[in-house]
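A.B. asks: Let me give you the structure first, and then I'll get to my questions.
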Amino acid sequence: METKYFTIDETKELKDQVKEAGDILKNGGLVAFPTETVYGLGGDAKNKDASKAIYAAKGRPSDNPLIVHIPDVSWVDGIVSEIPEAAKKLADAFWPGPMTLIFKKNDVIPLETTGGLDTVAVRLPSHPVARALMEESGVYIAAPSANTSGRPSPTKAKHVAEDLSGKIDAIIDGGEVNIGLESTIIDVTEDIPTILRPGYISLDDVKAVVGEARMDPGILSKDSNVRPKAPGMRYRHYAPKGNLIVVNGEKEKVCAYINEQIQNAKDLGKKVAVLSSSETASMYENAKVYAIGSLNDEEEIARNLYDVLRRFDEEEMELIFSEAFETPHIGQAIMNRLLKAAGHQVVSL
Ligand code: AMP
Ligand code: MG
């Protein structure tokens, strides 16, 4: 299949530029589009064949449900069986934005879209292109991240093209995304709102709105018997082909340890990389250093993480040492993704 490529011109009317893509969605086709978190791969959420096509294009396990995107909060009513009080408060506080809520579903969204679950994930994104596409197509858009399953989520249209060119109908290039990490997923079907996937909106942000809230024990535990509730959090994800190890501790110790390891690896003839902050980048010797952002700008770190994880593969890095990025607000989300990429290999000094 030939994949159409639409490049957004921000100086022109958006509506006209997404019209053809909207028609593709209405007719059951697949369109990748930018959101403020990562690029999504969209299909008509009510059309089970479109959902099946999304799984096929991504190579995604069919029990890993899709998130349904809406352009306005009034659309929630159409697909859920119940709207808890906590959901209303969270929607008021964080929509449009990088938050997904899990509701009990009604019969409108087919089980193919929800991976067989009787709940449905819903998000109202703030990105103008995503919103124009939803308004223009008039359909509930089921959209997981627009990457091949297991690869880092796409933060640029180029990443989508790398993974899905020839497999989907169209890609809308709306430039680099803002946040660069997937949405915070909050389950509001139980008494206490529970974060199933950390993201830009933190547990403290959620508590400030609803009072009591918690983190799913399954994502905090290293014990593989404690399963995360979100199916997608159970899979290995984002892993570069090279061996990625996170080194945690005092700055000087981390640098000394990594420099020593670089030397050992070089002696064995390996291609070594370091993932660092911009402040510490110059402290490493004899390795390719990828500085992803300033420790004073955690948003920059989040935005660059997936791009760098992809570059490790392109540049065939065999061994990668990463600093830990325990930044104040979104550090938990950044570390959740980084530790997954590292298969939880951590050296604590
Ligand atoms: P992605 O859009 O690629 O970030 O993937 C969507 C994420 O949402 C995956 O981790 C899914 O497991 C999760 N998800 C979607 N629907 C549900 C649901 N009904 N219950 C729990 N997790 C869900
Ligand atoms: Mg994904």
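With the working numbering applied, the sequence shown closes on residue 1496, and no number is skipped along the way. Heads up, the beta-carbon is just placed ideally off N, CA and C, and yes, glycines get one too. Bear in mind that the values here come from a model prediction, so they are computed numbers and not experimental data.
#1: With Ile-1171 as the anchor, note down where its alpha helix (DSSP H) starts and where it stops.
#2: To the nearest angstrom, how far is it from the Cα of Pro-1364 to the Cα of Ala-1304?
#3: Which same chain residues end up closer than 6 Å to Ala-1480 when comparing Cβ atoms and leaving out the 5 residues on each side of it in sequence?
#4: Can you find a heavy atom of the ligand AMP that lies under 7 Å from the Cβ of Met-1281?
#5: What residues sit near the ligand MG, counting only those whose C-beta is closer than 7 Å to one of its heavy atoms, in chain order?
#6: Beta carbon of Ser-1292, beta carbon of Gly-1206: below 8 Å?
#7: For the segment 1298-1313 against the segment 1349-1364, do three or more pairs of beta-carbon atoms, one drawn from each stretch, fall closer than 8 Å, so that the two count as touching?
#8: Keeping to the same chain, check which residues put their C-beta closer than 6 Å to that of Gly-1176; ignore five residues upstream and five downstream.
#9: For Glu-1426, which residues in the same chain have their Cβ closer than 8 Å to its Cβ, ignoring the five residues on either side in sequence?
#10: Consider the C-beta atom of Arg-1383 and the heavy atoms of the ligand AMP; say whether any pair is separated by less than 7 Å.
#11: What does the Cβ neighbour count give for Thr-1154, buried or exposed, with the cut at 16 atoms within 10 Å?
#12: Tell me which residue opens and which closes the alpha helix (DSSP H) that Val-1356 is part of.
#13: Locate the alpha helix (DSSP H) running through Asp-1239, then write down its first and last residues.
#14: Grab the span of the beta strand (DSSP E) containing Ile-1409 for me, first residue to last.
#15: Please classify Leu-1271 as buried or exposed, where buried requires at least 16 neighbouring CB atoms within 10 angstroms.
#16: Are the beta-carbon atoms of Ile-1342 and Leu-1391 separated by less than 8 Å?
#17: For Asn-1294, name the three-state secondary structure that DSSP assigns.
#18: Residue range of the alpha helix (DSSP H) that Tyr-1453 falls in?
#19: Hey, Thr-1247 and Ser-1330: beta-carbon distance below 8 Å or not?
#20: With a cut-off of 8 Å, do at least 3 Cβ pairs link the segment 1216-1236 to the segment 1265-1281?
#21: Please indicate yes or no: does the CB of Ala-1377 lie closer than 7 Å to some heavy atom of the ligand AMP?
#22: What span of residues does the alpha helix (DSSP H) with Val-1276 cover, start to end?
#23: Could you check which residue in Glu-1432, Lys-1418, Arg-1361 and Leu-1452 has the C-alpha nearest to that of Met-1514?
#24: In terms of residue numbering, what span does the alpha helix (DSSP H) encompassing Lys-1199 cover?
#25: Going by the CB atoms, is the gap between Val-1269 and Val-1223 shorter than 8 Å?
#26: Assuming Thr-1474 and Ile-1448 are in contact, meaning their beta carbons sit under 8 Å apart, how far apart are those beta carbons, in whole angstroms?
#27: Just to check my reading of the structure: Phe-1250 and Val-1335 have Cβ atoms closer than 8 Å, yes? What is that Cβ distance to the nearest angstrom?
C.D. replies: The relevant details are as follows:
#1: 1166-1173
#2: 34 Å
#3: Leu-1328, Pro-1345 and Gly-1346
#4: no
#5: Pro-1291, Ser-1292, Asn-1294, Ser-1300, Glu-1329 and Gly-1379
#6: no
#7: no
#8: Asp-1316
#9: Ser-1441 and Leu-1442
#10: no
#11: exposed
#12: 1350-1357
#13: 1232-1241
#14: No beta strand (DSSP E) holds Ile-1409; the alpha helix (DSSP H) holding it covers 1398-1414.
#15: buried
#16: no
#17: coil
#18: 1445-1461
#19: yes
#20: yes
#21: yes
#22: 1275-1284
#23: Outside the displayed range of the chain (1148 to 1496) lies residue 1514, so it cannot be described from this structure.
#24: 1195-1205
#25: yes
#26: 7 Å
#27: 7 Å
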